[in-house]
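J.:
Take a look at the structure:
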């Protein structure tokens, strides 16, 4: 991946992968309510500045969460990201069992964008590269074809 850093903050680094035309969100450390909500606002800003339809959401460096985020992510964050143009999100799970559970629940509750969870970055990367072919947005998300 050839990445251009857009925002570097604690606990989130957001980069743009020009080759694949997606945002790469690298979350790190322990996440609480404030960090998650501020991180989503930063992702929204990046989607407005660098329009793209995909995010590779990497939680492999997250060690824990102090807030049950599943419902908020599914009911608030994901719809706002979809409104900003996001159609696909590949979510690499944290090694933390608690975070994995929250992420699985969030994705299960999410209607749009189309989201999938992965144990490793390589699987998420591959899915995100081909997801538009496998799951055309206009068919699965009810959005117009580009």
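Residue numbers (the numbering used here): -19 to 126. From the three backbone atoms N, C-alpha and C, an ideal C-beta is built for every residue, glycine too. Since this is a predicted model, take the numbers as computed values, not measurements.
1. How many angstroms separate the CA atom of residue 89 from the CA atom of residue -15?
2. Give a yes or no on whether the C-beta atoms belonging to residue 62 and residue 71 are separated by under 9 Å.
3. For residue 78 and residue 3, I'd like the C-alpha separation in whole angstroms.
4. Could you pull the start and end residues of the beta strand (DSSP E) that residue 34 belongs to?
5. Between residue 31 and residue 66, what straight-line distance do the alpha-carbon atoms span, to the nearest angstrom?
6. Measuring CB to CB, does residue 74 end up less than 9 Å from residue 50?
7. With distance defined between alpha-carbon atoms, name the residue in 13, 99, 5, 38 nearest to residue 25.
8. Quick one: measure Cβ to Cβ for residue 114 and residue 96, integer angstroms, because I've assumed they're closer than 8 Å.
9. DSSP three-state label for residue 90, please.
10. Between residue -5 and residue 28, what straight-line distance do the alpha-carbon atoms span, to the nearest angstrom?
11. DSSP three-state label for residue 95, please.
12. For residue 46, collect the residues of the same chain with a Cβ closer than 6 Å to its Cβ; drop the 5 residues on either side in sequence, then sort them by chain order.
T.: Put simply:
1. Each residue's Cα considered, the two are about 30 Å apart.
2. No, these two residues do not count as a Cβ contact at 9 Å.
3. Straight-line spacing of the CA atoms in residue 78 and residue 3 works out to 25 Å.
4. Boundaries of the beta strand (DSSP E) around residue 34: 34 to 45.
5. So the two alpha carbons sit approximately 9 Å from each other.
6. It is not a contact, given that the beta carbons lie outside the stated cut-off.
7. Per the Cα distances, 5.
8. About 10 Å separates the two Cβ atoms, so there is no contact after all.
9. Residue 90 carries a coil assignment under DSSP once its states are collapsed to helix, strand and coil.
10. Put simply, the backbone Cα of residue -5 is about 14 Å away from that of residue 28.
11. Residue 95 falls in the strand class under three-state DSSP.
12. Excluding residues within five positions, the ones whose Cβ falls inside 6 Å are 12.
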